[in-house]
Amino acid sequence: MRLMILRHAPSLADGLLAGRRDVPADCGDAAAFARQAARLRPAQVIASPALRCRQTATALGLVPDRLEPALWEQDLGECEGMDPSRLPDLGRLPLDALARHCPDGGESFEDMAARVIPVLQALQRDTVIVAHAGTVRAALSMVVGPAALSFAVAPVSLTVLQRAGADWAVQTVNLCAGD
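If you're matching positions, the sequence shown starts at 1472 in my numbering and goes up one per residue.
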């Protein structure tokens, strides 16, 4: 089973953290969408219900078979809508501690992964998911654990995992339209 996860287009959140806020996406780069759409194999399509994910799916010419609430981005609590340069300094936390860190009023990466991973593990056939950077990292964590937090996930990038039985393998991470 092949899992293709495409991160949504850049959000129009005025440079602020979007998180669980339902903000639109900038889907104006038709050439990038055409290049990424050409890489997607026919499969079932699942999307986060976030507006930016639904708009990205449309720009790719995809019609989601379903919208899956468990694929929403991590809840950043009090950090939602914050300028990234004003985020609290967490120091140099080890990745496992960072994965457990919970922003005030939000959820940790581990909490988010705990709701995303069962959806991914339940898939029975090739699937394209249009979702968030956090969703991509949750999928990667099935293979590399908390080290998934180290991966860059650019807007409109493609990440591909392959499952054989219960074992997952990473094929591609952060494949951008220009790559």
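No residue lacks a Cβ here, since even glycine has one placed at the ideal position from N, Cα and C.
>> Using only the alpha-carbon positions, how far apart do T1529 and A1635 sit?
In response: Start at 1 with the first residue of the sequence shown, and residue 1529 comes out as number 58. Start at 1 with the first residue of the sequence shown, and residue 1635 comes out as number 164. About 30 Å.
> Do you know how far the Cα of G1576 is from the Cα of V1644?
Replying inline: Locating residue 1644 in the sequence shown gives position 173, where the first residue counts as 1. Locating residue 1576 in the sequence shown gives position 105, where the first residue counts as 1. One C-alpha to the other measures close to 30 Å.
> What does a CB cutoff of less than 8 Å around T1598 pick up in its chain, not counting 5 residues either side in sequence?
Replying inline: Reading the sequence shown from its first residue, position 127 is the one you call residue 1598. Cβ-Cβ distances below 8 Å link T1598 to M1472, R1473, L1474, M1475, A1514, Q1515, V1516 and I1517 in the same chain, with the five nearest sequence neighbours on each side left out; the list follows chain order.
>> I believe L1646 touches L1629 by the beta-carbon criterion, under 8 Å. Please report the beta-carbon distance rounded to the nearest angstrom.
In response: Position 175 of the sequence shown, counting from 1, holds the residue named residue 1646. Position 158 of the sequence shown, counting from 1, holds the residue named residue 1629. Right, their Cβ atoms sit about 4 Å apart.
> How would you write the range of the beta strand (DSSP E) that Q1633 sits in, first residue to last?
Replying inline: The count along the sequence shown starts at 1 and reaches residue 1633 at position 162. L1629 to A1635 is the span of the beta strand (DSSP E), which, as asked, contains Q1633.
> Grouping DSSP H, G and I as helix and E and B as strand, with all else coil, what is M1475?
Replying inline: Here residue 1475 refers to the residue found at position 4 of the sequence shown. Assigned with DSSP and collapsed to three states, M1475 falls in strand.
>> So, with DSSP's three-state summary, where would you put G1602?
In response: Translated into positions along the sequence shown, residue 1602 becomes position 131. Per the sequence shown, residue 1602 should be read as Ala rather than Gly. A1602 falls in the strand class under three-state DSSP.
> Thinking C-alpha only, which one of S1482, Q1507 and A1496 is nearest D1650?
Replying inline: Working through the sequence shown from its first residue, we reach residue 1650 at position 179. The shortest Cα separation from D1650 among S1482, Q1507 and A1496 belongs to Q1507.
>> By alpha-carbon positions, which one of G1532, P1481, G1490 and F1504 ends up nearest to D1497?
In response: Here residue 1497 corresponds to residue number 26 of the sequence shown, with the count starting at 1. The residue among G1532, P1481, G1490 and F1504 with its C-alpha nearest the C-alpha of D1497 is P1481.
>> Here's the rule I'm using: 16 or more other beta-carbon atoms within 10 Å means buried, otherwise exposed. How should R1537 be labelled?
In response: Position 66 of the sequence shown holds residue 1537. Exposed.
>> Going by beta-carbon coordinates alone, are A1609 and V1587 separated by less than 7 Å?
In response: Residue mapping note: residue 1609 aligns to position 138 of the sequence shown, counting from 1. Residue mapping note: residue 1587 aligns to position 116 of the sequence shown, counting from 1. Contact: yes.
> Considering only the beta carbon of each residue, do P1574 and L1611 sit closer than 7 Å?
Replying inline: Counting from 1 along the sequence shown, the entry for residue 1574 is found at position 103. Counting from 1 along the sequence shown, the entry for residue 1611 is found at position 140. Cβ atoms of P1574 and L1611: not closer than 7 Å.
>> What residue range does the beta strand (DSSP E) around V1494 cover?
In response: As a position in the sequence shown, residue 1494 is number 23, starting the count at 1. No beta strand (DSSP E) contains V1494, which DSSP labels as neither H nor E.
> Is it buried or exposed for H1572, if we count other Cβ within 10 angstroms and need 16 for buried?
Replying inline: The residue you call residue 1572 lines up with position 101 of the sequence shown. By the 10 Å Cβ count, H1572 comes out exposed.
>> Since G1523 and P1495 should fall inside the 8 Å C-beta cutoff, what is the C-beta to C-beta distance between them, to a whole number of angstroms?
In response: Position 52 of the sequence shown, counted from the start, is the residue given in the question as residue 1523. Position 24 of the sequence shown, counted from the start, is the residue given in the question as residue 1495. Rather than Gly, the amino acid found at residue 1523 in this sequence is Arg. Yes, they are in contact, since the Cβ atoms of R1523 and P1495 sit about 6 Å apart, within 8 Å.
>> To the nearest angstrom, how far is the alpha carbon of S1621 from that of V1534?
In response: Sequence index remark: in the sequence shown, residue 1621 carries index 150 (1-based). Sequence index remark: in the sequence shown, residue 1534 carries index 63 (1-based). Cα to Cα, S1621 sits roughly 31 Å from V1534.
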